[in-house]
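Just below is one structure, and these are the notes that go with it.
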Amino acid sequence: MTNLHDAAFVAELNNHLKSGGVIAFPTDTVWGLGALPTRAGADALFEIKRRPANKHLIIMSDNLAHIRPYMENYPARAFDLANKYWPGH
Numbered sequence: 309m310t311n312l313h314d315a316a317f318v319a320e321l322n323n324h325l326k327s328g329g330v331i332a333f334p335t336d337t338v339w340g341l342g343a344l345p346t347r348a349g350a351d352a353l354f355e356i357k358r359r360p361a362n363k364h365l366i367i368m369s370d371n372l373a374h375i376r377p378y379m380e381n382y383p384a385r386a387f388d389l390a391n392k393y394w395p396g397h
């Protein structure tokens with residue numbers, strides 16, 4: 309397991325993600341694939357997973373403000389509910 313407290317590793321990981329790279333990470337049940345929510349990151353995930361373009365990806369964050377810039381045509385009421393019930397909010 310890589311030490312996430314190693315500053316050099318974290319910098320390398322950051323650069324990899326910023327350049328459109330994909331990472332694998334463990335969850336409580338399975339391994340996941342992740343990328344930054346950019347066009348390059350999404351394209352890389354679609355290619356690796358051989359996922360059809362009409363099958364959307366999930367954006368996960370601990371903070372609604374972090375994902376709001378990536379959402380279009382999202383009803384204001386939905387944001388109100390998300391703000392009220394967002395875990396840890």
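For the sequence shown, the numbering used here begins at 309 and goes up steadily by one. Quick reminder that beta carbons are idealized off the backbone N, C-alpha and C, glycines included.
Cβ separation of residue i and residue j, assumed to be a contact under 8 Å, to the nearest whole Å
i: Y378; j: I367; result: 6 Å
i: L341; j: A332; result: 6 Å
Residue i, buried or exposed, once every other Cβ within 10 Å from all chains shown has been counted against 16
i: L344; result: buried
Spatially closest choice to residue i from the options, by CA coordinates
i: I375; options: A361, K363, A390 and N362; result: A390
i: L402; options: Y382, G329 and D336; result: An answer regarding residue 402 cannot be provided, because it is not within the stretch 309 to 397 covered by the chain.
i: G396; options: N371, E320 and K357; result: N371
i: H324; options: T335, T346, D336 and E380; result: T346
i: W394; options: P360, R358 and A373; result: A373
Close-in-space but distant-in-sequence residues of the same chain around residue i (CB under 6 Å, 5 per side omitted)
i: S369; result: I375
Which parts of the region 336-373 are runs of the beta strand (DSSP E), unbroken and 3 residues or longer, counting only runs that do not cross its ends?
339-342
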